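Number of protein chains: 2
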Amino acid sequence: MNYPMGIKKTKTINHGNRGMSLEGAINETNEYYLANDIAVIHKKPTPVTITKVDFPSRRDAVIKEAYFKIPSTTDYNGIYKGRYIDFEAKETRLNFFPLANIHRHQIIHLKKIIENGGIGFLLIMFSKFDTIFLLDGEKLFNFLQEGKRKSIPYAFFEKEGYQIKEKYQPRIDYLEVVQKIYFKGEPV
Amino acid sequence: MNYPMGIKKTKTINHGNRGMSLEGAINETNEYYLANDIAVIHKKPTPVTITKVDFPSRRDAVIKEAYFKIPSTTDYNGIYKGRYIDFEAKETRLNFFPLANIHRHQIIHLKKIIENGGIGFLLIMFSKFDTIFLLDGEKLFNFLQEGKRKSIPYAFFEKEGYQIKEKYQPRIDYLEVVQKIYFKGEPV
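Going down the list, the protein sequences come from chains B and Y. Going left to right, the first sequence walks through residues 27 to 214 as this note's numbering numbers them. Going left to right, the second sequence walks through residues 27 to 214 as this note's numbering numbers them.
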């Protein structure tokens, strides 16, 4: 359980990626996809348990007490060219990706998605190197099966992942990579 | 903007459906689908803007102030037999469905989903009659285009919708109806 970590990821980081958080950049990218009729992909709201609400008037409800819940799914999902897309995005300042950053539930969720015919992956940003990689769900599962490691080394992403080059617009064009991997040979 | 209404829908209602809210019954149904490898469909968390968080310790973050946001998408989405599923669920005690209960953003969202090859619909529960109908997105759009009505009459659901009979398990087997409408002739 890493609630404070879950919050941290929404903070702006100052090095790399022009000062924007990964979440902010992905949201911007998704808005671009939506506005240009490319795909409909949204970030799910942060799951919270609301325990106290004040209603000073019918319109102005204020939540006075709530708690962060462990997410049971990934943060992002949607549809691209008729196919279901599902992914989790994380950033790290380290030169490896700590598996503690992903909840077991989220990995099980990605597995279920792929079993049901969806496209599932991770987007990992290494702020130290200013790089972002897409790692296919199956490759993640293979890595997890192979050993008891607590993190995925950077070299694994370089070898098995697909780097997403930052662009002006859309900022993090992950669907360009999705198109290459999952829609091989199909027209863009 | 109907924040308090947005909260109300999670309350338990006492007549019909054995005292369970529509949301509770759909969540139970989705758990059944998940556990039985039928589909992966989840309710999205209620969207809130968090403005104050207390951190008494690293593990115990408490949200002290937050506000309900207008949802920009529908509440439920997921994957069934490789296809993207998206819907909004609402209950009403009236003998018509007030369109004010659905945000404009949600209707636009459903439109985009269907344009991108997804399956989009409404699930409406009429607690007065203890009935639940699935209304296909296209039929909703046609209704909206035809006039300036502020509500959809019950008769429209009887004519254009598909009734979902309550069962013991899963409670609200909407995928049985989805199968009939959107997977015509395909094996179950």
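Idealized CB from N, CA, C, for every residue including glycine. Remember, it's a predicted structure, so these values are computed and weren't measured experimentally.
Legend entry - From B/177, B/76, B/190 and B/146, residue whose alpha carbon lies closest to that of residue 101 of chain B: B/146
Inset, instruction - Leaving out five residues on either side along the sequence, give the residues of the same chain with a beta carbon under 8 Å from the beta carbon of residue 208 of chain B. - result: Here the set comprises 109 and 145.
Legend entry - Helix, strand or coil at residue 42 of chain B [DSSP, three-state]: Confidence at residue 42 of chain B is low in this model, with a pLDDT of 44, below 50, so its placement is unreliable and the value that follows should be read with caution. Coil at residue 42 of chain B, not helix or strand.
Inset, instruction - With a floor of 3 residues, list each beta strand (DSSP E) that falls wholly inside the region 71-156 of chain B, ordered by position along the chain. - result: 74-80, 88-94, 102-106, 109-118, 122-124 and 145-152
Inset, instruction - Compare the Cα-Cα distances from residue 157 of chain B to each of B/73, B/133, B/143 and B/116 and report the closest residue. - result: B/116
Legend entry - Identity of the residues DSSP links to residue 66 of chain Y by a beta bridge: Note: residue 66 of chain Y sits in a beta bridge opposite Y/105.
Inset, instruction - Round the Cβ separation of residue 7 of chain B and residue 160 of chain B to the nearest angstrom and send it over; I've been treating them as touching at under 8 Å. - result: Outside the modelled stretch of chain B, which goes from 27 to 214, sits residue 7 of chain B, for which no answer is possible.
Inset, instruction - From the DSSP output, in three-state form, read off residue 169 of chain Y for me. - result: helix
Inset, instruction - Please decide whether residue 87 of chain B counts as near chain Y, where near means a Cβ-Cβ distance under 7 Å. - result: yes
Legend entry - Residues sharing a beta bridge with residue 177 of chain Y, DSSP: Y/124
Legend entry - For residue 196 of chain Y and residue 54 of chain Y, the rounded distance between their alpha carbons: 7 Å
Legend entry - Interface residues of chain B facing residue 133 of chain Y [CB-CB closer than 8 Å]: Near residue 133 of chain Y there are no residues of chain B at all, since even the closest Cβ is about 14 Å away, more than 8 Å.
Legend entry - residue 30 of chain B in three-state terms, based on DSSP: At residue 30 of chain B, the pLDDT of 40 sits below 50, so the modelled position is not reliable; the number obtained from the coordinates is stated separately. Of the three classes helix, strand and coil, the one that applies to residue 30 of chain B here is helix, per DSSP.
Legend entry - Contacting positions in the region 113-138 of chain B - beta carbon closer than 9 Å to chain Y: 135 and 138
Inset, instruction - Report yes or no: do three or more beta-carbon pairs, one from the region 59-77 of chain Y and one from the region 74-93 of chain B, lie closer than 8 Å? - result: yes
Legend entry - Under 8 Å (Cβ pairs) to chain B, residues found in the region 53-64 of chain Y: 60 and 63
Inset, instruction - Could you say which of Y/46, Y/57, Y/63 and Y/48 lies nearest to residue 143 of chain B if we only look at CA atoms? - result: Y/63
Inset, instruction - Measure the alpha-carbon distance for residue 38 of chain B versus residue 129 of chain B and round it to whole angstroms. - result: Because residue 38 of chain B sits at a pLDDT of 39, beneath the cut-off of 50, its placement in the model cannot be relied upon, and the following sentence gives the value as read from the coordinates. Distance between the alpha carbons of residue 38 of chain B and residue 129 of chain B: 22 Å.
Inset, instruction - For residue 201 of chain B, I'd like the list of residues in its chain whose CB is within less than 7 Å of its CB, leaving aside the five on either flank, ordered along the chain. - result: Contacts found: 59, 64, 65 and 106.
Legend entry - Selection from Y/138, Y/88 and Y/180 that minimises the alpha carbon distance to residue 125 of chain Y: Y/180
Inset, instruction - Answer with yes or no whether the minimum CB distance from residue 174 of chain B to chain Y is below 7 Å. - result: no
Inset, instruction - Measure from the alpha carbon of residue 49 of chain Y to the alpha carbon of each residue in Y/204, Y/148, Y/132 and Y/182, then state which is nearest. - result: Y/148
Legend entry - Residues near residue 203 of chain B by beta carbon distance below 7 Å, same chain, minus five either side: 160, 188 and 190
Inset, instruction - Assign residue 189 of chain B to one of three DSSP states: helix, strand, or coil. - result: strand
Legend entry - Local Cβ density within 10 Å of residue 47 of chain B, reported as buried at 16 or more and exposed below that: buried
Legend entry - chain Y contacts from the region 63-84 of chain B (Cβ-Cβ distance under 8 Å): 63, 65, 66, 68, 70, 71, 72, 73, 74, 76, 79, 81 and 84
Legend entry - Exposure label - residue 206 of chain B; buried when at least 16 CB within 10 Å: The residue is exposed, with fewer than 16 neighbouring Cβ atoms inside 10 Å.
Legend entry - Reduced DSSP secondary structure (H/G/I, E/B, other) of residue 182 of chain B: Three-state DSSP puts residue 182 of chain B in a helix.
Inset, instruction - Could you tell me which of Y/135, Y/212 and Y/178 sits nearest to residue 57 of chain B, measuring between CA atoms? - result: Y/135
Inset, instruction - Consider the Cβ of residue 108 of chain Y: report whether some Cβ of chain B lies at a distance smaller than 7 Å. - result: yes
Inset, instruction - Decide if residue 96 of chain Y is buried, meaning its Cβ has at least 16 other Cβ atoms within 10 Å, or exposed. - result: exposed
Inset, instruction - Kindly list the residues whose CB is nearer than 6 Å to the CB of residue 103 of chain B, restricted to its own chain and excluding five residues on each side of it in sequence; keep chain order. - result: 112
Inset, instruction - Below 6 Å CB to CB, which residues in the same chain sit around residue 199 of chain Y once its five sequence neighbours on both sides are set aside? - result: Excluding positions up to five away in sequence, the list reads 193.
Inset, instruction - Work out the CA separation of residue 67 of chain Y and residue 88 of chain B for me, nearest whole Å. - result: 29 Å
Inset, instruction - Using the Cα positions of residue 123 of chain Y and residue 212 of chain Y, report the straight-line distance between them to the nearest angstrom. - result: 32 Å
Legend entry - Neighbour flag for residue 105 of chain Y against chain B, beta carbons, 7 Å: yes
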